[in-house]
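J.: One structure is given below, represented as structure tokens, and several questions about it will come after.
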Amino acid sequence: MITRLFCRMTVCVERLGEEHPWCDRAQVAMLLVFLAVWGLDSWYGFTACGFLCPWMLRAAAGLALVGFGGYLVEESHGLVIDAEPAGLVDWGVYALVRHPMYLGMLLVYLGLTVATLSAASMALWPAFFYAYDGFAAYEERRLVEALGGDYLGYMGRVRRWVPF
Numbered sequence: 267m268i269t270r271l272f273c274r275m276t277v278c279v280e281r282l283g284e285e286h287p288w289c290d291r292a293q294v295a296m297l298l299v300f301l302a303v304w305g306l307d308s309w310y311g312f313t314a315c316g317f318l319c320p321w322m323l324r325a326a327a328g329l330a331l332v333g334f335g336g337y338l339v340e341e342s343h344g345l346v347i348d349a350e351p352a353g354l355v356d357w358g359v360y361a362l363v364r365h366p367m368y369l370g371m372l373l374v375y376l377g378l379t380v381a382t383l384s385a386a387s388m389a390l391w392p393a394f395f396y397a398y399d400g401f402a403a404y405e406e407r408r409l410v411e412a413l414g415g416d417y418l419g420y421m422g423r424v425r426r427w428v429p430f
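Next comes the structure, spelled out in structure tokens:
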């Protein structure tokens, strides 16, 4: 599971573009930092603000975000691996956003944060978004070099993060 989430160097990417050199290591480091901060804050309640909202609402919202994030990661990973021949994947979840794997991971982090209303975990989220946005920008530059006008057209049709 960890390999599927964090090792994005798939057949399609290998043939078309280049992943950011720090991407895999940074994602593992971000996961470890997040789990440490979230786990400690959720267990000891340093900044957890669960009293602001009933636990059932927090749990439902958190589960929905984690579930949708996991769906995006799984679906996008499958589409990229199964792409034959290697080329622009612009259907499925890639028709919604250009980086569904990264968005999925951000939603998983957000869902866990919402479930406990951990202010410390929420403070990490903008830094994680900034990192993922940097990885996405790097990969997009490489894909423009590899695919040219096809990828530029895709960029014009599909937004990076928000599908509408």
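Everything in the sequence shown is counted per our numbering, starting at 267 for the first residue and increasing by one.
Glycine included, C-beta positions come from ideal geometry on N, C-alpha and C.
Note that the structure is predicted; figures quoted are calculated from it, not measured.
Beta carbon of T382, beta carbon of G344: below 9 Å?
T.: Result no, Cβ atoms of T382 and G344 do not sit closer than 9 Å.
J.: So V355 and V346 are in contact, right, with Cβ under 8 Å, and what is the actual spacing, rounded?
T.: Right, the Cβ-Cβ distance comes to about 6 Å (below 8 Å), so this counts as a contact.
J.: Report whether the distance from the Cβ of R423 to the nearest heavy atom of the ligand SAH is below 8 Å.
T.: Summarising the ligand content, the structure contains no ligands, and the ligand SAH is consequently not present.
J.: Have a look at G452 and C315 and give me their C-alpha separation to the nearest angstrom.
T.: No answer is possible for residue 452: the residues shown for the chain start at 267 and end at 430.
J.: What are the residues that DSSP puts in a beta bridge with S384?
T.: In the DSSP output, where bridge partners are listed per residue, S384 has A314.
J.: Report the three-state DSSP secondary structure of R426 (helix, strand or coil).
T.: R426: coil per DSSP, three-state reduction.
J.: When DSSP labels each residue in this structure, what does E285 get in the three-state scheme?
T.: Of the three classes helix, strand and coil, the one that applies to E285 here is coil, per DSSP.
J.: Using C-beta distances below 6 Å, list every residue in its chain close to G209, excluding the 5 sequence neighbours before and after it, in chain order.
T.: Residue 209 falls outside the range modelled here, since the chain spans only 267 to 430, and no answer is possible.
J.: On a CA-only basis, which of A295, A326, Y310 and A397 is nearest A385? Give me that one, please.
T.: Of the listed residues, the one whose Cα sits closest to A385 is Y310.
J.: Please say whether P429 and V434 have beta carbons closer to each other than 9 Å?
T.: No information on residue 434 is available, as it lies outside the stretch 267 to 430 that the chain covers here.
J.: Taking the straight line between their C-alpha atoms, what separation do you get for M367 and L373?
T.: So the alpha carbons of these two residues sit roughly 10 Å apart.
J.: For G377, count neighbouring C-beta atoms within 10 Å of its own C-beta (all shown protein chains included) and say buried if the count is 16 or more, exposed if not.
T.: When all chains shown are included, G377 counts as buried.
J.: Please report the Cβ distance between V359 and S342, rounded to the nearest whole angstrom; I am assuming they are in contact, meaning their Cβ atoms lie under 8 Å.
T.: Right, their Cβ atoms sit about 5 Å apart.
J.: How would you call Y375, buried or exposed, if buried means at least 16 neighbouring beta carbons within 10 angstroms?
T.: Y375 comes out buried.
J.: How many whole angstroms separate the CB atoms of M296 and A397, which I take to be in contact at a CB cut-off of 8 Å?
T.: About 7 Å separates the two Cβ atoms, so the contact holds.
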